[in-house]
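What follows is a single structure, written as structure tokens, with notes after it.
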Amino acid sequence: MDPTTLEATLRTEFEAGERAAHVVARQARDLTDSGRFEADFGHELTVTVVVSNLHDAPDEYALIERWNWWLGALELSHGEYEQFRIRPGTV
Numbered sequence: 016m017d018p019t020t021l022e023a024t025l026r027t028e029f030e031a032g033e034r035a036a037h038v039v040a041r042q043a044r045d046l047t048d049s050g051r052f053e054a055d056f057g058h059e060l061t062v063t064v065v066v067s068n069l070h071d072a073p074d075e076y077a078l079i080e081r082w083n084w085w086l087g088a089l090e091l092s093h094g095e096y097e098q099f100r101i102r103p104g105t106v
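Residues 16 to 106, numbered by my numbering, are exactly what the sequence shown covers, in order.
Pasting the structure below:
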């Protein structure tokens with residue numbers, strides 16, 4: 016997954032600020048590099064997969080809240096995703 020493409024897509028799709036989009040794209044890259052998502056789901060993490068899952072979050076959530084919402088669901092269903100959440104003070 017190209018984090019630059021993801022970052023630009025996140026800014027457009029979710030009307031996110033540059034910093035928030037950058038932090039989410041960085042976490043997505045770390046998740047990709049870990050191999051965890053591909054091992055759990057049998058396919059690579061792509062821009063399309065990230066955007067699709069973030070669209071499932073409640074409409075009133077901002078980008079980082081959407082990311083953490085999705086990672087929380089992954090944590091509940093598969094475990095070991097907590098490390099990819101974005102903590103307060105990161106942005």
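Cβ atoms here follow ideal geometry from the backbone N, Cα and C, with glycine treated the same way.
Per DSSP, residue 25 is one residue of the alpha helix (DSSP H) stretching across 18-29. Per DSSP, residue 56 is one residue of the alpha helix (DSSP H) stretching across 51-56. The three-state secondary structure of residue 48, taken from DSSP, is helix. Your pair residue 43 and residue 16 checks out as a contact, with CB atoms roughly 7 Å apart and the cut at 8 Å. By the C-beta density criterion, residue 29 is buried, having at least 16 other C-beta atoms within 10 angstroms.
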